[in-house]
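Q: Here it is, the structure in full.
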Amino acid sequence: AQSVTQPDIHITVSEGASLELRCNYSYGATPYLFWYVQSPGQGLQLLLKYFSGDTLVQGIKGFEAEFKRSQSSFNLRKPSVHWSDAAEYFCAVGANTGNQFYFGTGTSLTVIP
Amino acid sequence: NAGVTQTPKFQVLKTGQSMTLQCAQDMNHEYMSWYRQDPGMGLRLIHYSVGAGITDQGEVPNGYNVSRSTTEDFPLRLLSAAPSQTSVYFCASTRTGGVEKLFFGSGTQLSVL
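Residue numbers (our numbering), protein chains in the order written: chain A, 67 to 179; chain B, 351 to 463.
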């Protein structure tokens, strides 16, 4: 069965500190992987995506993610967090063999000054 | 370019009432979908469509109906609202389901009393 796991429900980091949000997936086909961000009261916005090729992908707002097939992971990272990064982050998986996307339960990020 | 437009933004219903959540996109996307977002549950797919006249069920379709008479519109109908349908609903579209990023509407917050 297809699934996406985000093991951290909530993370608090200090402004300027580094950040890593974890994502593990289970998908039988070749995965298409996404990270979305949701600011309060807003819809979701794409941060980055991985389809193939270089396993380290760069996204908007200084975010990057690394695809590790052996670990079925697609963790999101940022070297230095800004207060404006406080939001909810969702990992998602899709595939070209189906029409559905599967989302994780999200990780809420709090940034303290 | 308006993107994905959802109406209304807020709605309060009484148990047993019916209503339609509207969703329209102006990007000529073939794929449209409806998600509900509940605390601790992430986004769960209700229904999706891969083109006009074609709809299919997602993970949580019970209590909801959809139709796709045009490429632009994908309304979600609640025939007899229940308190369990209290949630935030998002419409999303993309050119090709499963492989390309989703464009999200700003959401509808629905309360069923």
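Note that CB positions come from ideal geometry on N, CA and C, so glycine has one too.
Remember, it's a predicted structure, so these values are computed and weren't measured experimentally.
#1: Going by C-alpha to C-alpha distance, which of A:VAL177, A:GLY160, A:GLY170, A:THR173 sits closest to PHE117 of chain A?
#2: Have a look at TYR385 of chain B and TYR398 of chain B and give me their C-alpha separation to the nearest angstrom.
#3: Mind checking if TYR155 of chain A is an interface residue toward chain B, Cβ cutoff 8 Å exclusive?
#4: Between ARG394 of chain B and VAL410 of chain B, is the Cβ-Cβ spacing less than 8 Å?
#5: Are the beta-carbon atoms belonging to GLN375 of chain B and SER419 of chain B less than 8 Å from one another?
#6: Taking any Cβ of chain A, which residues in the segment 436–455 of chain B have a Cβ under 7 Å from it, in chain order?
#7: Indicate the three-state DSSP secondary structure (helix, strand or coil) for GLN387 of chain B in the structure shown.
#8: Would you mind sorting TRP149 of chain A into buried or exposed? The rule is 16 or more other CB atoms within 10 Å of its CB.
#9: Would you decide whether HIS379 of chain B is buried or exposed? Buried here means 16 or more other CB atoms lie within 10 Å of its CB.
#10: Taking the alpha carbon of ARG88 of chain A as the point to measure from, which residue in A:ALA95, A:ILE77, A:GLY94, A:GLU81 has its own alpha carbon closest?
#11: Comparing the C-beta of LEU99 of chain A with each C-beta of chain B, is any distance below 8 Å?
#12: How about THR355 of chain B and GLY447 of chain B: do their beta carbons lie closer than 8 Å?
#13: Any C-beta of chain A within less than 9 Å: which residues of the segment 369–385 of chain B qualify?
A: According to the structure data:
#1: The sequence position of residue 117 of chain A within the first sequence is 51, counting from 1. Minimum Cα distance to PHE117 of chain A is reached at A:GLY160.
#2: Here residue 385 of chain B refers to the residue found at position 35 when the second sequence is read from its first residue. Here residue 398 of chain B refers to the residue found at position 48 when the second sequence is read from its first residue. If you take the alpha carbons of TYR385 of chain B and TYR398 of chain B, they lie about 9 Å apart.
#3: The count along the first sequence starts at 1 and reaches residue 155 of chain A at position 89. No - not a single Cβ of chain B is within 8 Å of the one on TYR155 of chain A.
#4: Position 44 of the second sequence, counted from the first residue, corresponds to residue 394 of chain B. Position 60 of the second sequence, counted from the first residue, corresponds to residue 410 of chain B. Yes, the Cβ-Cβ distance between ARG394 of chain B and VAL410 of chain B is below 8 Å.
#5: Translated into the one-based positions of the second sequence, residue 375 of chain B becomes position 25. Translated into the one-based positions of the second sequence, residue 419 of chain B becomes position 69. No, the pair does not count as a contact, with Cβ atoms beyond the cut-off.
#6: PHE440, GLY447, GLY448, VAL449, LYS451, LEU452, PHE454, GLY455
#7: As a first step, residue 387 of chain B must be located in the second sequence, where it is residue number 37. Strand at GLN387 of chain B.
#8: Position 83 of the first sequence, counted from the first residue, corresponds to residue 149 of chain A. Label assigned to TRP149 of chain A: exposed.
#9: Here residue 379 of chain B refers to the residue found at position 29 when the second sequence is read from its first residue. With 16 or more Cβ atoms within 10 Å of its Cβ, HIS379 of chain B is classed as buried.
#10: Residue 88 of chain A sits at position 22 when you count from the first residue of the first sequence. When each option's Cα is compared against that of ARG88 of chain A, the closest is A:ILE77.
#11: For the purposes of this step, residue 99 of chain A is taken as the residue at position 33 of the first sequence. For LEU99 of chain A, the answer is no, since every Cβ of chain B falls outside 8 Å of its Cβ.
#12: Position 5 of the second sequence, counted from the start, is the residue given in the question as residue 355 of chain B. Position 97 of the second sequence, counted from the start, is the residue given in the question as residue 447 of chain B. No; because the gap between Cβ atoms is not below 8 Å, this pair is not in contact.
#13: TYR381, SER383, TYR385
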